[in-house]
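Residue numbers (the numbering used here), protein chains in the order written: chain R, 84 to 413; chain H, 84 to 413. All C-beta atoms, glycine included, are put in the ideal place defined by N, C-alpha and C. Bear in mind that the values here come from a model prediction, so they are computed numbers and not experimental data. Okay, so here's the structure we're looking at.
2 protein chains.
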Amino acid sequence: MKLHDLPTPALVVERPALEHNLDTMSRALPGTRLRPHVKAHKCTALARLQAARGHAGFTCATVREMEGMARAGLGDDLLLANEVLDARRLGALDARVTVAVDSPETIAAAAEGGVREVLVDVNVGLPRCGCAPGDAGRIADLARRAGLLVRGVMGYEGHVVGLGDPEARRAGVETSMRSLVEAHAQVGGPVVSAGGTGTWDLHRDATEIQAGSYALMDTAYDVLGLPFRPALFLLSTVISTSPGWAVADAGLKALGMDHGPPSIDGCKVWFCSDEHVTFAGGAGTKPPRVGERIRLRPAHVDPTVAYHERLHLVDGDDVLESWEVDLRGW
Amino acid sequence: MKLHDLPTPALVVERPALEHNLDTMSRALPGTRLRPHVKAHKCTALARLQAARGHAGFTCATVREMEGMARAGLGDDLLLANEVLDARRLGALDARVTVAVDSPETIAAAAEGGVREVLVDVNVGLPRCGCAPGDAGRIADLARRAGLLVRGVMGYEGHVVGLGDPEARRAGVETSMRSLVEAHAQVGGPVVSAGGTGTWDLHRDATEIQAGSYALMDTAYDVLGLPFRPALFLLSTVISTSPGWAVADAGLKALGMDHGPPSIDGCKVWFCSDEHVTFAGGAGTKPPRVGERIRLRPAHVDPTVAYHERLHLVDGDDVLESWEVDLRGW
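Pasting the structure below:
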């Protein structure tokens, strides 16, 4: 099958860029040093390529992702890096399951749900989940008293990963990791889990990095100068042209929009509607023709992938495989 | 089943508000005066409630929506109000199929795909699809020469439907409809299809209105003072609290974000992450507790629904039915 045969909109992964990204990360963070985050691609076929590069442990954001990874035989060491109040579906999995806890309630849910291992989730500066660093020892004690094995700590410096200035990023990681190390001293256990694609090479104290976006990459990461390449585009068909603009068949229901609209090489995107993108050709470019295929780069990969049933792996014009995005939903 | 038994995040439809909305619209625009747009809910179970109120014709935005409506037995008169370059799946449907055309290429695609009926899509001011009003007669002639039955014209005044000032909205509809009437004079046929929820009561010349959002409603429409009520909320669980903020388990993958973040009554939403919303309680409200259920109102219903597998119909705390969102994808 050729690229041109795909019905649009179609989400396409370029194999050379994907393999470059996976190989680059696996060389730098081999084996258990990387715990790839599947939320960025929600696809067990892609996770298999990560596992084949030596990473046995994975990070998930939802119970459904945990279930799908276990079902796919990728359940050697699954971390749900998120809090849940009902852990029964996790406890029922045929997999090694670790869940993040940051409160008495989430500890009780883990124990009642039949989960056996936890990480203490520590707030390292992002106003989201995690206990205060100084409270981590108490949370660990509560978890142990509930019969849970405490493997260590996790803390995500999400307020830092997107900082454009490398020095600010490095300093932000250091400050965040001081909090996590302080918490870890109270908690114990072998695991200090942290990081993301934007800070993949800035960690000294973390035992493992939870990067996910590196596989497909966002245009939002373009400014960071990372060694990973954009590997994902949304193939779309021009369905209408008017003097001054053109319209293609990919819109709000095919694109995560929280980081802004997608980009089209050499063109200016005006706006997206539910099933349309309206754009203008750049100066000196040929006006788009009806029927022409164009490539959109999504600003934020994760919520883009979550809209799609399939990822199509291509090399040039050849469609090599079509993978199910099988970890969607909750 | 009770509301509290639903795993979160869960998309919930309140039956009293839904029925009020459906009844209000059907009284004002009975029978063929309304051609409900299914893109807003992507759910044949909900479309059935619209059909039961006397609307035999429906509007769709994608081929998949057309296929799903035909399969559900709701194919008496389906309009794809969008251009396609491959109409073969439409031609294969066991349904009355009409497709929008605005160019020689889309006419050729309709004829080659086995579609028999078309509307000429006219640009009435929104920079999106549609031919220039003065070109509509030529497009209609081309379509007839290709053996297609031209049922009339359509034109969507999407640049007008959200205007907060009622007079500006009314004036915008008049200007747009002058273009559509001009085009219709060249094209002929019984159908003049236009409009949306924001302009549902402002049309004189349109024979049918393509409203969809009225069924569930957006917070974005709040400013328009329409007689339709918000009928949709996203049920979420508070999974973590910190001094000053709380986090619930609904984020970017559960919410269309192009109109901005969701709202929570009495609270201030700080930001959404992939699977989280971080928010602060309002002054004087009790701080949220871990495990508490909260209700988010999405800013834009259409791309929100497209993320979800199911819509749960409730009356108070009772879950009455769980409908599949069966028209997703392309």
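Check                                                                                                                                                 : Outcome
Could you tell me the boundaries of the alpha helix (DSSP H) in which R/Ser-109 lies?                                                                 : 98-111
Using only the alpha-carbon positions, how far apart do R/Gly-208 and R/Ser-296 sit?                                                                  : 21 Å
On the DSSP letters alone, give me the boundaries of the beta strand (DSSP E) that R/Gly-151 sits inside.                                             : No beta strand (DSSP E) holds R/Gly-151; the alpha helix (DSSP H) holding it covers 146-154.
Could you tell me whether the region 376-396 of chain R touches the region 89-97 of chain H, where touching means 3 or more Cβ pairs closer than 8 Å? : no
Chain R beta carbons: is any one of them nearer than 8 Å to that of H/Thr-439?                                                                        : Because chain H here runs from 84 to 413, residue 439 of chain H falls outside it and cannot be looked at.
Closer than 7 Å by beta-carbon distance: list the chain H residues that pair up with R/Ala-389, in chain order.                                       : Lys-336 and Tyr-390
For chain R, is any of its Cβ atoms less than 8 Å away from the one on H/Ser-262?                                                                     : no
Which first and last residues belong to the alpha helix (DSSP H) in which H/Asp-385 is found?                                                         : 384-388
Run through chain R and tell me which residues come within less than 7 Å of H/Arg-211, C-beta to C-beta.                                              : Val-330, Ser-356, His-359 and Thr-361
Taking C-alpha atoms, which residue in R/Thr-302, R/Thr-290, R/Val-306 and R/Gly-158 lies nearest to R/Leu-246?                                       : R/Val-306
Which residues of chain R have a Cβ atom closer than 7 Å to the Cβ of H/Gly-374, listed in chain order?                                               : Leu-168 and Glu-188
Can you tell me which of the three DSSP states R/Arg-411 falls into?                                                                                  : coil
Comparing the C-beta of R/Thr-320 with each C-beta of chain H, is any distance below 8 Å?                                                             : yes
Check whether the Cβ atoms of H/Arg-136 and H/Leu-105 sit closer than 8 Å, and answer yes or no.                                                      : yes
What number of angstroms, rounded off, separates the C-alpha of H/Leu-89 from the C-alpha of H/Leu-231?                                               : 49 Å
Given this structure, state the Cα-to-Cα distance separating H/Val-264 from H/Val-274, to the nearest angstrom.                                       : 11 Å
Along the chain, where does the alpha helix (DSSP H) that runs through H/Thr-368 open and close?                                                      : Neither: H/Thr-368 is in no alpha helix (DSSP H) and is coded neither H nor E.
Let me know the secondary structure DSSP gives R/Met-300 once reduced to three states.                                                                : coil
Is there a Cβ of chain H sitting closer than 8 Å to that of R/Gly-412, yes or no?                                                                     : yes
Counting only Cβ pairs nearer than 8 Å, list the residues of chain H close to R/Asp-341.                                                              : Leu-335, Met-340 and Cys-355
Quick one: Cα of R/Val-256 to Cα of R/Met-108, how far?                                                                                               : 19 Å
Quick one: is H/Glu-404 buried, meaning 16 or more other Cβ sit within 10 Å of its Cβ, or exposed?                                                    : exposed
What are the boundary residues of the beta strand (DSSP E) that R/Met-237 is part of?                                                                 : 232-238
Determine the extent of the beta strand (DSSP E) in which R/Ser-325 is found, giving its start and end residues.                                      : 315-325
What whole-angstrom Cβ distance do R/Asp-204 and R/Arg-179 have, given they're in contact under 8 Å?                                                  : Contact flag wrong, Cβ pair sits at about 18 Å.
Look at the alpha carbon of H/Tyr-304 and the alpha carbon of H/Cys-143, and state the distance between them as a whole number of angstroms.          : 21 Å
Nearest-angstrom Cα distance between R/Arg-116 and H/Leu-317?                                                                                         : 37 Å
Could you tell me whether any Cβ in chain H is nearer than 8 Å to the Cβ of R/Ser-405?                                                                : no
Report the residues of the region 106-127 of chain R with a CB closer than 7 Å to any CB of chain H, ordered along the chain.                         : Lys-122
Quick one, are the C-beta atoms of R/His-140 and R/Arg-118 less than 8 Å apart?                                                                       : A small correction: the amino acid at residue 140 of chain R is Gly; His does not occupy that position in the sequence shown. For R/Gly-140 and R/Arg-118, yes; Cβs fall inside 8 Å.
Figure out for me which residue from H/Asp-398, H/Trp-413 and H/Glu-392 has the closest Cα to the Cα of H/Trp-406.                                    : H/Glu-392
Within 8 Å of any Cβ in chain R, is that where the Cβ of H/Ser-325 sits?                                                                              : yes
Identify the continuous alpha helix (DSSP H) that holds H/Glu-200 and give its terminal residues.                                                     : No alpha helix (DSSP H) contains H/Glu-200, which is instead part of the beta strand (DSSP E) from 200-204.
So, using beta-carbon positions, are R/His-415 and R/Gly-235 closer together than 8 Å?                                                                : There is no way to answer for residue 415 of chain R, as the model of chain R reaches only from 84 to 413.
Distance check for R/His-124 and R/Ala-294, CA to CA, integer angstroms please.                                                                       : 12 Å
Could you confirm whether any beta carbon from chain H is found closer than 8 Å to the beta carbon of R/Asn-104?                                      : no
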